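**Student:** Counting from 3, one number per residue, gives the positions in the sequence shown under the working numbering.
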Amino acid sequence: MVKVSVCIPTYNRSDYLKYSVNSVLQQTYQDFELIVCDDGSTDNTSDVVNSYDDSRLRYVRHPQNIGRSRNMRSGFDAAEGEYFIKFDDDDAIASEFLAKTVAILDSHAEADFVCTDHWIINAQGEREEAATKANSAKWGKDKLEPGIIANLIEETFVKQSLQVGSTLFRRQCLTEVDYMRPQADGCEDFDLLVRLAIAGFQSYFLPELLMEYRFHGGQTSLKQDIHFLSAKAFCIDSYQFTQPELQALKQEKLGIVKQGLGMRLIEKGESDRGHKLLQESANILGYSPRVYFGLLLSYLPFNLRQQVLNFARQAKPQDYSAQVRDKEVISSE
3 MVKVSVCIPT YNRSDYLKYS VNSVLQQTYQ DFELIVCDDG STDNTSDVVN SYDDSRLRYV
63 RHPQNIGRSR NMRSGFDAAE GEYFIKFDDD DAIASEFLAK TVAILDSHAE ADFVCTDHWI
123 INAQGEREEA ATKANSAKWG KDKLEPGIIA NLIEETFVKQ SLQVGSTLFR RQCLTEVDYM
183 RPQADGCEDF DLLVRLAIAG FQSYFLPELL MEYRFHGGQT SLKQDIHFLS AKAFCIDSYQ
243 FTQPELQALK QEKLGIVKQG LGMRLIEKGE SDRGHKLLQE SANILGYSPR VYFGLLLSYL
303 PFNLRQQVLN FARQAKPQDY SAQVRDKEVI SSE
């Protein structure tokens with residue numbers, strides 16, 4: 003049996019896919035299979051995959067789009083390795099990722115999965131050092147000690163410190179939690195890690211930059227935001243904690259997500275749904291300036307609403323992710 007199954011789910015990303023595939027084939031550790039599961043791509047993805055003459059690469063192509071989570075699940079179901087990793091078709095793993103993470107799982111029987119830190123790269127594949135440091139600090143990875151994580155629920159649900167794409171799992175633990183839930187489509191990585199923590203599994207943290215996570219303009223859209231926030235609301239609402247403080251935090255997080263979802267729906271023009279979600283958020287968190295702003299927007303004509311939102315965005319300072327994505331626009335001009 004092969005030791006590691008590497009899964010790259012893909013959909014219409016032929017321009018980035020080769021970078022991702024090459025990062026796997028160039029690993030210093032060689033006992034792996036690579037599964038590319040294609041969610042009915044309509045570009046030349048099949049040509050890219052079929053250009054490789056490598057027996058370790060398996061291509062699972064769906065004739066039509068079955069959805070992000072179901073496509074990921076198809077790759078998992080096809081896997082035969084003892085260990086498993088899934089990362090996106092615009093990202094990559096460092097050449098020593100498998101060697102270092104396999105060694106940890108081999109030598110630490112108490113660890114069910116091992117997480118690493120990761121680089122931020124731009125659309126051109128260049129590593130962004132300042133953005134990488136800012137990202138590690140934002141999610142608390144810069145403060146995580148190497149070794150078994152003492153409070154996994156704290157790191158997955160409270161801080162959201164860990165990322166599935168930079169994590170090698172024992173496949174058995176993923177099977178026990180039934181891997182990806184279709185209802186979590188768009189938020190499946192967060193959901194998987196939280197459910198593993200609730201189930202009592204253990205994670206090892208390796209504080210090395212062994213994966214590359216790409217920021218580019220194709221990742222963000224109003225439709226995607228609404229899809230993600232809807233899935234996240236479902237996920238958070240489904241968790242059951244025994245500790246009262248975590249149950250209280252669950253309600254707070256649910257209120258924050260409903261507030262964000264309500265704002266995005268109002269921006270889209272679905273004022274009634276957005277208004278309802280903002281009211282539900284206010285019932286949990288109270289009435290904040292953002293809620294009042296959203297409620298006011300919901301009564302404005304659609305065109306005026308867009309003008310106000312654009313002005314508000316221009317006045318807001320850019321964070322590191324927006325700065326990296328903007329480089330794609332600049333370089334294409």
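Don't be surprised by glycine CBs; every beta carbon is placed ideally from N, CA and C.
All figures in this text were calculated on a predicted structure; none of them were measured in a lab.
What does the Cβ neighbour count give for Met3, buried or exposed, with the cut at 16 atoms within 10 Å?
**Tutor:** Burial call: exposed.
**Student:** Of the choices Tyr322, Ser323, Glu210, Arg275, whose alpha-carbon is the least far from that of Ser97?
**Tutor:** Looking at the Cα atoms, Glu210 is the closest of the given residues.
**Student:** In terms of residue numbering, what span does the beta strand (DSSP E) encompassing Pro11 cover?
**Tutor:** Start and end: 6-12.
**Student:** Could you check the C-alpha separation between Phe86 and Leu251 for me, to the nearest Å?
**Tutor:** Using only the alpha carbons, I get a separation of about 31 Å.
**Student:** Return yes when the Cβ of Cys39 is within less than 7 Å of the Cβ of Ser76, no when it is not.
**Tutor:** Closer than 7 Å, so yes.
**Student:** Measuring straight from C-alpha to C-alpha, what distance separates Leu19 and Thr12?
**Tutor:** Going from the Cα of Leu19 to the Cα of Thr12 covers about 8 Å.
**Student:** Measure the C-alpha to C-alpha separation of Thr352 and Glu147 and round it to an integer number of angstroms.
**Tutor:** Absent from the model: residue 352. The displayed extent of the chain is 3 to 335, so no value can be given.
**Student:** Quick one: Cα of Phe99 to Cα of Ile106, how far?
**Tutor:** The straight-line gap from Cα to Cα measures roughly 11 Å.
**Student:** Can you tell me whether Ser205 is helix, strand or coil according to DSSP?
**Tutor:** If DSSP states are grouped into helix, strand and coil, Ser205 belongs with the strands.
**Student:** According to the neighbour-count rule (16 or more other Cβ atoms, all chains shown, within 10 Å of its Cβ), is Asp55 buried or exposed?
**Tutor:** So Asp55 ends up on the exposed side.
**Student:** For Asp187, name the three-state secondary structure that DSSP assigns.
**Tutor:** Looking at Asp187 - three-state DSSP - the assignment turns out to be coil, as it is neither helix nor strand.
**Student:** Assuming Phe192 and Lys234 are in contact, meaning their beta carbons sit under 8 Å apart, how far apart are those beta carbons, in whole angstroms?
**Tutor:** With a Cβ gap of about 7 Å, Phe192 and Lys234 count as contacting.
**Student:** For Phe86, which three-state DSSP category applies?
**Tutor:** Strand at Phe86.
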